[in-house]
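Note that the sequence shown covers residues -24 to -1, 1 to 1194 in mature numbering (1 follows the signal peptide of the UniProt record, and there is no 0). For every residue, glycine included, the Cβ atom is placed at its ideal position computed from N, Cα and C. Encoded as structure tokens, the structure appears first; notes follow it.
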Amino acid sequence: MLWKKKMALMLAVMLSLYSVICLAAGWTSTVYGASASVPVDDVFDNDPAGALNDPNWNLTTASSGTSVGTVQIVQDPMAAGDMQLKVEKTGTAGNVIAERRNFNASGAVVVSYRAKSDEQAGNKSAPYIYNGSSSVNAVSVTFDAGFIRAYNGGTNVKLQSFTAGAWYNIQLVLNTATSKFDVYIDGQLAASQFAFRTAASGVTFLRFALGTNQTGTLYVDDLKVAELPYSLSMDGDYHLGIGHSHASSVLAQYGDGSSNDMTRGAVYASSDPAVAQVDTRGRVTGLMAGKAIITAQYAGKTASSVVRVDDNVILNALQLDTVSYSLPKGGVHATVVTAVYSDGPRNVTSYASYSSADSTIASVSPDGLVTGRKPGSTVITAVYGGKAASAAVSVTPVLAAVRLDSPSYALHVGDPHQTVVTGVYSDQSQTDVTPYASYTSSDPAVVSIDRQGWITGKRAGTAVITAVYGGKSTFASVSVSSLRLDSEAYVLQPGLTHAVAVKLLNAQGEEQDVTAGTLFISLNPSVVQVDPAGRVTGIGMGTASIQASYEGVQLTAAVTVGLPGAAAELTLPSRGKQELQVYLWANGGNALYAVQAGLDYDPAVLELQAVSPGGLFQGQARPVDVNSSVYATDQGQLTGFESHLQNGHRLFYAATQIGEGAGESNRPFAMLSFKVLDPSKDTVLQVSDAYAAAWNAGVVDRVSLLGITATVGSSQPVPDTEAPSAPVVAIRNTTTTSVELAWTASQDNVGVAGYEIYNGATKIASTANINYVVTGLQPNTEYTLQVVAKDAAGNASAGTEVKLHTLSGKRNSAGGSGAPQTSGPVTVPGETTGNAASSQVTVTLEQLKLLRNDNGIVVPLSSGTQQVLLPADILGLIGQGKLSFVSASGAAVSIPSEAALQALMRRVDSRLLGQSRLLYRLKPLDSASSGQALAAWKLEHGTVSMKAASDVLHFSLSLVAPDGTEASLGERTAVGDLTVPYQSAGIHERLLGLYRLDPQSNQWEYLGGRIDPSRHVITAQHAPAGTYAVMEYHLTYDDVPEGHWAYEAVSVLSARHIASGPEDGRFDPASGTTRAEFTAMVSRWLGLPAGSPARFHDVSPGDWFAPAVDAAYEAKLIEGRDNGQFAPNERLSREEMAVMLVRAMTYAKLNKPSVSAPSSFSDQAQISAWAEEAVAAAASNGLMNGSGNGTFRPKAWTTRAETAQALYNLMQLEESVG
């Protein structure tokens, strides 16, 4: 900063000296160069061709007879995009006048411009300068009869002759304090201290005109009115190659330290035009080796730069920032041009010349600013140093507004709604932009909204949702109410009634009773009944559900009907004993047929050894659970059973008599065998919830118990020789090294003590549970496991074998997730209808219970099964898990309960839900239909080879109402995760992807999917119903042949639809990659979710790369520049690519990027500090290599081939680590 202070001090001293000089010269009333004011700066390049339409210009174009006067904006035929003002008159009658008004300048003022006339004859005002009044001008300059003239007071003086059609740079330096002025023509002083024709205290307008009796033309360009600067500065010394150009930059410096760009107002000269020549705009071109001085002159001030022309720098190519892009009508794009020299790339945007193939669609300024004019396509070309580069530009209609399908929504808690966002364009066309909009909720605790625009009520209240697309936004209010019953569960005795109350909490927080408007039904009227008013009455023993529906919202509550159970606290004489035999007796008014009770003991004193029904039980045992009745009949014949379920020191026990004369005498209903652990004291046995049934004249009735008593003996139970039944085993959750086994509980005459698990013939574990996780397995290996049940006497059941194959442990980088795993002997039983090609199976609720696990329900299907019918009301059974179907072929669909299933349930009247069924279909199309579908592939670009690697499958999920009608979800609504098997023979697996046939366009759409090469399946998440196929996609490019070093990387990235080339069969591997392009590639590979706007100044919501930049910024993959910009169109450097690759590794949760040692590149010092660690990690992990000569070239621009290879290396690394 010291040099700046010295410069400011020097400038102040020089300014004081300059003021003294001005005073001596008579320029007394102002100090030149006081401030950087430019009240007029008209270059006309942004004005459309045609009649001038500018409020700062006052025009007079009166015509008389054949005399016509016009003021037009025209383009210079020798310089594309250079627009000028043309004043023309074809007859002698009348005047044509163009006056530049709306400014006021005084003191030392410079009026500079370029002017020409196509003819020498006539007199043209060029210009007349006025102060307020148009009657008398202060300064007059004319193109008159072949001479440029100016008035000195009242004398009209010839300054120099002019040539018709030639441009002249004219600078008028005025001092309104002294009424004097100087005239410079093409940098030479042509008039000094001429007197004003009339004294003027200021300058207020300029007149360019052809008067009466005059005809012809006058052209004006680069018109400026500015304060006289203190000094002039030019860009520094530089080098040029022969044939290369450099655009000069000239700044006018003012006394307050400010400056203005005067590049287009200056006049230029070269000291040696044979070495370097300079044109009127300051563009310098090297012609031969040597040195020249380029001088700029403005208002008597000069500045210069030294240019050295070298003959050993070669221009190899020219590159634009992008090869194609879209603009809205009226939108702009700043072109970036890079010249690739033999010694490195240079930004030559300011030095190139530009043209548009159709400027009515998109025009381009001399500075490379492209403006969309009307919808259509054209090509923009940049030329520099004899090289050219082009970009295809598409101009689209302007997005005028976006709107939601409703200004307000009313929801209940848990109720979702799909919003629809429509884009309205300037040509009145409309497009559904729902998938592309971004969404926010003002209060996500009240209303949530996802990336697809689904809103869901969370709690009662109000919120506002906003949808944004293309820089436009729309909003809607959402009110949410919640519904509740007066209780989540009810307990009744037979014959008793409870009046249910239904409460609605509205969005304003007010609760009201809506019982009168609610529809009630009972799902089991034999247990509980409910009338239209909500009065619930217990009918029979058991548990059932009631449903209450209000305005489409359904609530469910469980109702338990039963008698109050007996309880007792029994003291057991355990003091001094080693074991106890305890007999339990139920005392009732009648001879008892069946008893059930809950039993609790002290585990510190007693250890339960065995349980038997004592003298009560006579017959074959069968299992029961806590929801089962303690009695049953079978075709009029009594059945008996005994069961116990133990959880720690808590025992649930039930037993039933059997046979004729069952009620003749009382017997103990249970015998408990205990080992005494602590003989120092007596202990207590707690009996609770004891119920009983009596046998009366062939009918079993529930009865009340009078009490429970116990007797204690020392006799041993009868020896047990009966083996338990074999368990039915299913497989859950197969991984690379583990598998979870689950089985049905075995039955035993005394009780099952536990289960043993075998791997082959080797016992690996024992458990009392009905599930077990086997660990320590090897990936991609087949195993045979067996589960054996054992009772306390050591009797073993027959073993149940299951076969399984562990996962491979590798994951493909194309996205998606694995299918649910199941194998072994478990298949869904049921009736098969139709032939083998269209077989249907029906699954009952009881079968679904056996297939339930912690993650939901997995339904394994046998070969040939294409349709499955199952109960519709299964949400409670699935919980928060998924409903999955796994075919024998390996195809599978996994459906989440909270999304697709709930949405489907709402498509039918809730009163009919218990009678409705879900219908799942997954079937291959016949050969004719498959061929027709595969022929629908549309060639987009390049040479594409598409090969089907699987059957063409169609899957759907619908709800079948009792009348047979089917309801399904929308064609783009996600149903679940789809897994499709493929044939690997003759297929390049890395080029595979899952494709869906769009029913509207009849075109295949890429869904991606995660490939499991060990099982030869591919899985895509969030797949809607429809027609699918696995395809090999091979896109070839003319400039990336099979022998190219990046051929494999380019092929795989093209197949994954991560990268592609322009629409001419090329990939352009040597072209540069921009920061936006690489960000989009990484975002596609990672499958990043949509992020909030990153708020970079140079990233607009309508930019094609904006979603990728937003997502990458939220994932912390990218950062902006210090000035809040992302610089999307700047070239990506190698060190920037290294940083993004390593951050992508971290985001993908691969192994932490390792650094075996600090990088030892010979140009290590050139690597930025913020990139050093990433460069080392990228090199150590094989993502990027050096340049072969020991250098990394951190600042070098990346090419499209390099970025494709680096991302492919990262994909391979992910596959290798799994």
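Contact set for Leu983: own chain, Cβ-Cβ below 6 Å, skip 5 residues either direction: Answer for Leu983: Leu970, Arg972 and Ala996, listed in chain order.
Spatial neighbours of Phe1054 within its chain, please: C-beta separation below 7 Å, excluding the five flanking residues on both sides. Within the same chain, Leu1108, Met1113, Met1116 and Thr1179 come within 7 Å of Phe1054 by CB-CB distance, once the 5 residues on both sides are set aside.
Nearest by alpha-carbon distance to Met1007: which of Asp1015, Gly985 and His998 is it? For Met1007, the closest C-alpha among the options Asp1015, Gly985 and His998 is that of Gly985.
How far does the beta strand (DSSP E) with Ser742 in it reach, from first residue to last? In this chain, the beta strand (DSSP E) harbouring Ser742 covers Thr738 to Thr743.
Considering just the uninterrupted stretch of the alpha helix (DSSP H) at Glu1053, what are its terminal residues? Arg1051 to Leu1062 is the extent of the alpha helix (DSSP H) around Glu1053.
Under 7 Å between C-beta atoms of Tyr937 and Val884: The residue you asked about is not Tyr; residue 937 is Ala in the sequence shown. Val884 sits close to Ala937, with the two beta carbons spaced by under 7 Å.
Could you tell me which residues DSSP pairs with Val936 in its beta bridges? Looking at the DSSP assignment, Val936 forms a beta bridge with Arg893 and Glu942.
Distance check for Asp17 and Arg90, CA to CA, integer angstroms please. Whole-angstrom Cα-Cα distance: 13 Å.
Once the 5 residues before and after Trp561 are set aside, which same chain residues still bring their CB inside 8 Å of it? If the five residues before and after Trp561 are omitted, its C-beta is found closer than 8 Å to the C-beta atoms of Asn642, Pro644, Phe645, Ile684, Thr685, Ala686 and Thr687, all from its own chain and listed in chain order.
Measuring CB atoms only, is the region 886 to 895 touching the region 837 to 851, in the sense that at least three cross pairs come out at less than 8 Å? Result yes; three or more Cβ-Cβ pairs closer than 8 Å.
If we call anything under 7 Å between Cβ atoms a contact, is Pro392 one with Thr432? A contact, by the Cβ cut-off of 7 Å.
Supposed close pair Glu524, Leu472 - CB separation, criterion 8 Å: The sequence given here places Ala at residue 524; Glu does not occur at that position. Actually they are not in contact, since the Cβ atoms of Ala524 and Leu472 sit about 19 Å apart, beyond 8 Å.
For my contact list, Val652 and Gln762 are in at a C-beta cut-off of 8 Å; report their separation, rounded to the angstrom. The Cβ separation is near 37 Å, so there is no contact.
For Met238, count neighbouring C-beta atoms within 10 Å of its own C-beta (all shown protein chains included) and say buried if the count is 16 or more, exposed if not. Looking at its Cβ environment, which holds 16 or more other Cβ atoms inside 10 Å, Met238 is buried.
Residue closest to Thr820, alpha-carbon to alpha-carbon, out of Leu894, Val764 and Ser863: Of the candidates Leu894, Val764 and Ser863, Leu894 places its Cα closest to the Cα of Thr820.
For Met1057, count the other beta carbons within 10 Å of its own beta carbon; 16 or more makes it buried, fewer makes it exposed. Which is it? Under this definition Met1057 is a buried residue.
Spatial distance of Asn145 from Thr36 (CA atoms): C-alpha separation (whole angstroms): 26 Å.
Please determine if the region 41 to 54 and the region 94 to 110 are in contact, where contact requires at least 3 C-beta pairs separated by less than 8 Å. The region 41 to 54, when compared against the region 94 to 110, does not touch it at the 8 Å Cβ threshold.
Consult DSSP for Asp724 and reduce its assignment to one of helix, strand or coil. Here DSSP, grouped into helix, strand and coil, assigns Asp724 to coil.
Identify the residues that DSSP records as bridge partners of Ser353: which are they? BP columns for Ser353 point to Ser370.
Tyr301 - partner residues in DSSP beta bridges: In the DSSP output, where bridge partners are listed per residue, Tyr301 has Val369.
By Cβ distance below 6 Å, which residues in the same chain neighbour His781 in space, the five residues on each side in sequence not counted? The residues are Glu758.
Taking only three categories from DSSP, how would you classify Ser1156? In the structure shown, Ser1156 falls within a helical segment according to DSSP collapsed to helix, strand and coil.
Three Cβ pairs or more, each shorter than 8 Å: is that satisfied between the region 451 to 458 and the region 381 to 399? They touch, by the three-pair rule.
Between the CA atoms of Pro703 and Ile522 - distance to the nearest angstrom: Distance between Ile522 and Pro703, taken at the CA atoms: about 34 Å.
Taking the alpha-carbon positions, what's the Leu832 to Gly736 distance? Residue 832 is actually Gly in this sequence, not Leu. Roughly 29 Å between the two C-alpha positions.
Return the bridge partner residues of residue 1273 from the DSSP annotation. Because the chain here runs from -24 to 1194, residue 1273 falls outside it and cannot be looked at.
When the Cα of Ala315 is compared with those of Lys350, Gly67, Gly361 and Thr955, which residue comes out closest? Out of Lys350, Gly67, Gly361 and Thr955, the CA that lies nearest to the CA of Ala315 is found in Gly361.
Counting only the same chain and skipping the five closest in sequence on each side, list residues whose C-beta sits under 7 Å from that of Phe20. Counting only Cβ-Cβ distances below 7 Å, and skipping sequence neighbours, we find Ile49, Met59, Gln60, Leu61 and Asp197.
C-beta contact flag for Ser88 and Lys200 at 7 Å: By the CB criterion at 7 Å, Ser88 and Lys200 fall inside the cutoff.
Lys657 classed as buried or exposed, judged by whether at least 16 other C-beta atoms fall within 10 angstroms: Residue burial annotation: Lys657 is exposed, with fewer than 16 other C-beta atoms found within 10 angstroms of its C-beta.
Under 7 Å between C-beta atoms of Ala279 and Leu208: A contact, by the Cβ cut-off of 7 Å.
Okay, do the region 296 to 305 and the region 215 to 234 touch, 3+ Cβ pairs below 8 Å being the bar? No contact exists between the region 296 to 305 and the region 215 to 234.
Threshold first: 4 residues or longer. Then list the alpha helix (DSSP H) segments lying entirely within the region 71 to 130, N to C. Runs found: none.
The beta strand (DSSP E) spanning Lys825 covers which residue range? Counting along the chain, Lys825 sits inside no beta strand (DSSP E); it lies in the alpha helix (DSSP H) bounded by residues Leu821 to Leu826.
Touching by the beta-carbon criterion (3+ pairs, under 8 Å), the region 283 to 292 and the region 253 to 263: The region 283 to 292, when compared against the region 253 to 263, does touch it at the 8 Å Cβ threshold.
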